[in-house]
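Reading the sequence shown from the start, the letters are residues 14 to 150 in the working numbering.
Since the structure comes first, as structure tokens, the remarks are kept for the end.
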Amino acid sequence: MTNRLFIDTGFALSLAFASNIHYAKAVELEQEILRQQARLVTTHAVLTEIGNALSREKYRAAAARLLQGFENNPMVEIVPVTSDLYAKAFVLYRQRPDKCWGMTDCISFVVMHEQSITEALAHDIDFEQAGFTALLR
């Protein structure tokens, strides 16, 4: 594991539910991150996905705490989705019609590339298709 990791939506959701198939691996990675004091990077697009996924009333309070925790954590850099970042992601989105990459993934890939991050706290194959390591796979 490198000392800079990208946080994807799947990692946060895996930690949120003990019944999640990736929960045990996510907990293991979380402990390793704490031991190594790894720096974490994510985007406002990913945080939006997390909030959307946990928007039901029964999850809302916990989701708000989770999102606030990201905002307050000095080890987490949250990259805003600027017009420039969105435009770069949209170019990638258009260039890869052979992939099922969503815009949030494309935003993530651009950030990872620009910051030379090679590993993601993610479980979906999209990250591997884009040339990164998905640590939850």
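Cβ coordinates follow ideal geometry from the N, Cα and C atoms, glycine included.
Owing to the predicted nature of the structure, the values given are computational and were not obtained by experimental measurement.
In this structure, does DSSP put Leu67 in helix, strand or coil? coil
Skipping 5 residues on each side, what residues in its chain have a beta carbon closer than 7 Å to that of Leu151? Residue 151 lies beyond the stretch modelled for the chain, which goes from 14 to 150, so this question has no answer here.
Determine the burial state of Met125: buried for a count of at least 16 other Cβ atoms within 10 Å of its Cβ, exposed for fewer. buried
Would DSSP call Leu149 helix, strand or coil? coil
With a cut-off of 8 Å on the beta carbons, I'd call Arg52 and Met14 a contact; round off their distance for me. 12 Å between Cβ atoms; not a contact.
With a threshold of 8 Å, are at least 3 pairs of Cβ atoms found where one atom belongs to the stretch 53-67 and the other to the stretch 82-102? Yes: the two stretches touch, three or more of their Cβ pairs being nearer than 8 Å.
Since I believe Ala135 is in contact with Phe24 (beta carbons under 8 Å), could you give me their beta-carbon distance rounded to a whole number of angstroms? Going by Cβ atoms, the distance from Phe24 to Ala135 rounds to 6 Å, so yes, they are a contact pair.
Report the residue from Ala29, Ile46 and Glu43 whose alpha carbon sits nearest the alpha carbon of Ile63. Ala29
Write down the C-beta distance between Asn33 and Leu26 rounded to the nearest angstrom, noting that I regard them as a contact closer than 8 Å. A Cβ-Cβ separation of about 7 Å places Asn33 in contact with Leu26 under the 8 Å criterion.
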